[in-house]
Amino acid sequence: MRKEEIHEVIKLINSVKTEASKTDSDKTTPFPPELKAIEFEIPINVENIPPCIAVDGSYTFLFSLLGADTWIVLFRIALMEYKISRKNSKIHYLQNSPPKYFDHLTVISFHPDILKQQLSIYREIASGTVQYQERKASLFASSLLSYYEQRALEKITEERSNCIILKDGALLSYKALPRTSMYEPILKNCRENAIQFGGISKSTQMRFFKNIFTDDYFLTRFYNRRFPQPSYIPISENYFKTQTRYDVWGKVYLAKLHEAAPKWFRVDIGYDAENTQALFSALGAYSKYHLLPGYPIPLIEAHKLAKSVRDLKGLYEGELIDYLKQIGISPEEFITGEVDFEGREYGSFHDLLDQLSK
Amino acid sequence: MKKKEEDMKFEEIPTPIEKEKIGEVCLADTETGIILKIQKRPDELKLGQPIIVDTDKFLYYSMVNRLFYPPNDVVMKFANTSLTNLIPASQVEGVRGKEFYGLANLDCLKIIPIDTTNEELREFDTIPPVFAKCRSITEEEIKIIFGETPTSDSIGTLRGFNYKIPIDFGTLVKKPFGVFGRTGIGKSILNKLLCLFILKQKVSRLLIFDMQGEYGLVSRGEDRSKGLKHYFHDEIQIYRLGDVNQKEKVIDDAEPFKFYRENITSGDIIASSQTLGEPSINALHILETKMRSDPKQSQDLLNYINNNGEEEPNIFRSSLIALRNRISRFHKYSFLVPKIPNTPDSIQNMFEQIQKGKSVVIDFGTYGVDKFLYYFIANAITRRLYQMYSLREENEDLPPLVVVLEEAHKFLHPGVIRYTIFDRIAREMRKFQLTLAFVDQRPSQIDEEVMSQVATRFIMHLIDSRDIDKTVGTLRNPTEYRKIISGLLKRECLIYGDAITVPTIIRIMDYHKEDDLKKALKMIKTQAEVKNDIMKGDAKALFK
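If you read the sequences in order, they're chains A and B.
Mapping of the first sequence onto the working numbering: position 349 corresponds to residue 349, and the numbering continues sequentially without gaps.
Take any residue in the second sequence, note its place counting from 1, add 1000, and you have its number in the working numbering.
As structure tokens, this is what we get:
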């Protein structure tokens, strides 16, 4: 390594460090004075809080047809519904209905012959992601996952009423990707069926506070003590008007859902029946799980169910091999076609080159 | 027509809590057994509990031999953290069941084919599929596993269930069996039950050395429970060594016990004294050999020792004194009498009673606290019976006999076993139809080879690890049974061996519930009650 380059790297890191220490030394200045964190309390009669349904999705790549830009992928959308119950004066989180899932095995391909046999959404996603080279397969899959999640939300908001529905992630749609208006029917259903609807992001890139740290980290680091109680901070709509990459489908908040929460989360509220305080109180009531306070239990469990598609990848591959054999795929092709969750090939040309270069 | 949007059809996952399910198999190995992930709280299971692993081809009859939590980083991290205002994992219905789960090691004891018409029960020679469901055993399965023979009977139920567990008493009495357990745990009560069912099934006669007066008509112990003669009055003959207190006297037709001094051997003296040193034993052998070689000499060994020996060059004076000290106690026993020519002693009489189909209880009466006497009598009587059985004519059909030996380790520990008769009986008994039943609290002190002959074992709670190891030594996974035995409660017993299909923990029936016992013995009235009615001339009562 060249010394002058090392010095350049140290200089850049140091500038960030200095900025951070300045923030550390003055814990109030960066917080805009017009903003207030609004505290909320958990209702005493938690049994009256409406049931909460969480939607989360995941996928796993199972097999790659080398050189054909084609992958076999299994998607899973999970639905978990909880209610709060009191038994022997203890609060329990009980499943209000059996866990549900939608599994869909499909082919992701950039090959026109395959695309023309699939739903139009595949072609739209393919044309939007093809440019991303090695990341194109995983971008294709994550876009398709968003589509399935939104379809699931559309369906359950149509069928259910008087409940809370949460999704994993912010309520936004990227303008570069298709179906930017998919939240419209969902929000319409919520209004008609008295469903309070929101999305919670596990991490956010938002820098509303214009700090070197992202907002969730910034608040956790500098404002936890100032706002020790469960609180939420409304983010001005004007903040999002300055960007052109995506549309936001609701009001955005940064919230700490439990006093012991390890971090603040970005919470997008699509519909709250004009009672934001009550919705946050309800979310707080669902966020008292000992092992992960501050994050609603339905989302935790929906995540587990969705993620199980990756835990059982080997099982699904085994099942698939029997069928692939029937169309004449050889054992060598199975081995070379093996991929990880995100479609990256094991033993790819890159790997071989790396091995040779050792 | 090609569809425009994906049709979302959700499938339901049935609730992970199935009422009957205990858990699912997550690991299996023919070497180490089956590992079960427990669905509910692990403290709903306990060591020794039977469990069925249910598959479409086989049922795996198994026993829990270890319960544990797998290591978990999250638990380690969160243990001892405050729970204030938070909801613990135990109060959350998770998608995967409980967040933290226990595991159970199962010892598979038998494999039952679903189609029992074509296949027999198998040993643990294959493994169940993963995710196979585990549940409690049913009564129907108990019947298949344990099977019944015409000589089967039950002394209790499967622990935790109401299912009766059959023991084959016909098989039990063919080879030595043992009742082991710590002092005060109820070995004698269990032994009484076994004796009653042996009598009920008529598979053998019994010879019982009854030090505490527990086996006769009514126990002289605190519980005053009924003895064997109460239930089988006409089939039991009691011999009494010494009288009993006036208060404890009952009419039990006991005969006074007489033993000819001339029939005492060196082995009886060694067995009774237990700690006789090697030089004294040598002196005893020298004197006995000399006495037996002289037919003119009186054959009273006790007298001979007291009057001879000083002149023998190979006998040390100190050894002779020690020997005489040890036998001095024999002079106070009134049942030891000089031989009366042409008149049988009680042992000869006993033998005749056994041949007539009776069982014998030797009640020590006032000598009940004299352990040395017990060792002496047990050895002397059993030796004589052994001679009678072994010397019988080829065509003489002697009834099978079980000699019940309490404090068995006193006769069978390596220091004395070669001088007593029990070693030979334990090894050779089968051809003579003479079997030993050991009742003991220190099985670790029983000679290794004799212990290996014990074909059926009834193991109650034991504390000493050496005792536990000795009793479970012949099991497939002995170490896993240690904890099970040390966790047994009163009236609980692990049974394994020839007389039962698989190792099983039973809850022993309550001996003191007389009506239940009569029912189990298929009696409306006991023989003693019938006799009593006859004595009173109460005809009505007879037909009640």
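We put the CB at the ideal spot given by N, CA and C, even for glycine.
The structure presented is a predicted model; accordingly, all values stated were derived computationally and were not measured.
Can you find a C-beta in chain B that's less than 8 Å from the C-beta of residue i?
| i | result |
| --- | --- |
| A/H92 | yes |
| A/L283 | no |
| A/F341 | no |
| A/L291 | yes |
| A/I364 | Any answer about residue 364 of chain A is impossible in this case: the structure gives chain A only from 1 up to 358. |
| A/L79 | yes |
| A/L115 | no |
| A/Y148 | yes |
Chain A partners of residue i, CB-CB under 9 Å?
| i | result |
| --- | --- |
| B/E1012 | S97, P98, P99, K100, Y101 |
| B/Q1453 | In chain order: nothing, as chain A lies at least about 52 Å away. |
Tell me whether residue i sits in a helix, a strand or coil according to DSSP, three-state version.
| i | result |
| --- | --- |
| B/F1432 | helix |
| B/T1504 | strand |
| A/S109 | strand |
| A/Y295 | coil |
| A/Q205 | coil |
| A/T29 | At A/T29 the pLDDT is 47, less than 50, meaning the model places this residue with poor confidence; the figure from the coordinates comes in the next sentence. DSSP places A/T29 in coil when its eight states are reduced to three. |
| B/E1005 | coil |
| A/P234 | strand |
| B/V1173 | coil |
| B/M1388 | helix |
| A/F334 | helix |
| A/D364 | A question about residue 364 of chain A goes unanswered here, because the residues of chain A that appear run from 1 up to 358. |
| B/N1085 | coil |
| B/P1014 | coil |
Along chain A, in chain order, which residues have C-beta atoms closer than 7 Å to that of residue i?
| i | result |
| --- | --- |
| B/M1008 | F102, R151, A152, K155 |
| B/P1088 | H290 |
| B/Q1527 | By Cβ distance, chain A contributes nothing, its closest Cβ being about 56 Å from B/Q1527, past 7 Å. |
Determine, using beta carbons only, whether residue i comes closer than 8 Å to chain A.
| i | result |
| --- | --- |
| B/Q1441 | no |
| B/V1074 | yes |
| B/F1078 | yes |
| B/N1085 | yes |
Report the neighbours of residue i on chain B: residues whose CB is nearer than 9 Å to its CB, in chain order.
| i | result |
| --- | --- |
| A/K304 | G1094, V1095, R1096 |
| A/Y223 | Under the 9 Å cutoff, chain B gives no residues; its nearest Cβ is about 21 Å from A/Y223. |
Could you tell me the distance, in whole angstroms, from the CA atom of residue i to the CA atom of residue j?
| i | j | result |
| --- | --- | --- |
| B/L1517 | B/L1489 | 21 Å |
| A/T29 | A/V252 | With a pLDDT of 47 at A/T29, under the threshold of 50, the modelled position of this residue cannot be trusted; read the value that follows with caution. The alpha-carbon atoms of A/T29 and A/V252 are separated by roughly 23 Å. |
| B/P1443 | B/V1472 | 11 Å |
| A/L315 | A/Y59 | 14 Å |
| B/M1064 | A/D272 | Residue 1064 of chain B is actually Val in this sequence, not Met. So the alpha carbons of these two residues sit roughly 53 Å apart. |
| B/Q1353 | B/V1360 | 8 Å |
| B/S1062 | B/F1232 | 38 Å |
| B/K1525 | B/I1534 | 12 Å |
| B/R1240 | B/S1154 | 31 Å |
| A/Y239 | A/V309 | 37 Å |
| A/S173 | A/I235 | 18 Å |
Report whether the distance from the Cβ of residue i to the nearest heavy atom of the ligand ATP is below 7 Å.
| i | result |
| --- | --- |
| B/L1172 | Absent from the structure shown: the ligand ATP. Ligands present: none. |
Find the residues of chain B that neighbour residue i, judging by a C-beta separation of less than 7 Å, and give them in chain order.
| i | result |
| --- | --- |
| A/I53 | Ordered by position in chain B, no residue passes the 7 Å Cβ test against A/I53, which lies about 11 Å from the chain. |
| A/E301 | G1094, V1095 |
| A/I297 | V1092 |
| A/Y316 | None at all; the shortest Cβ gap to chain B is about 15 Å. |
Name the chain B residues whose beta carbon is nearer than 8 Å to that of residue i?
| i | result |
| --- | --- |
| A/A59 | The displayed chain sequence assigns Tyr, not Ala, to residue 59 of chain A. Within chain B, no residue comes near A/Y59; the closest Cβ sits about 14 Å away, beyond 8 Å. |
Check your understanding: Just checking, does the segment 1127–1138 of chain B make contact with the segment 329–340 of chain A on the three C-beta pairs under 8 Å criterion?
Key -> no
Check your understanding: Counting Cβ pairs, one atom from each stretch, are 3 or more of them under 8 Å apart for the segment 1051–1063 of chain B and the segment 1089–1097 of chain B?
Key -> no
Practice item. Examine the Cβ distances between the segment 1145–1163 of chain B and the segment 1448–1457 of chain B and report whether three or more of them are shorter than 8 Å. Key: no
Exercise for review: Give the residues from the segment 228–260 of chain A that approach chain D closer than 9 Å (Cβ to any Cβ), ordered along the chain.
Suggested key: The structure shown has no chain D; the protein chains it does contain are A and B.
Practice item. Examine the Cβ distances between the segment 219–229 of chain A and the segment 142–153 of chain A and report whether three or more of them are shorter than 8 Å. Key: no
Practice item. For the segment 138–146 of chain A and the segment 1018–1031 of chain B, state whether three or more C-beta atom pairs, one from each stretch, are separated by less than 8 Å. Key: no
Check your understanding: Just checking, does the segment 83–101 of chain A make contact with the segment 320–334 of chain A on the three C-beta pairs under 8 Å criterion?
Key -> Contact fails between the segment 83–101 of chain A and the segment 320–334 of chain A, because fewer than three Cβ pairs, one in each stretch, are under 8 Å apart.
Check your understanding: Between the segment 1282–1289 of chain B and the segment 1305–1323 of chain B, are three or more C-beta pairs nearer than 8 Å?
Key -> yes
Check your understanding: Counting Cβ pairs closer than 8 Å, one from the segment 1188–1204 of chain B and one from the segment 1413–1423 of chain B, do we hit at least three?
Key -> no
**Study point:** Stretch-stretch touch, CB-based, cutoff 8 Å, three pairs: the segment 1265–1275 of chain B with the segment 1373–1384 of chain B
**Key:** yes
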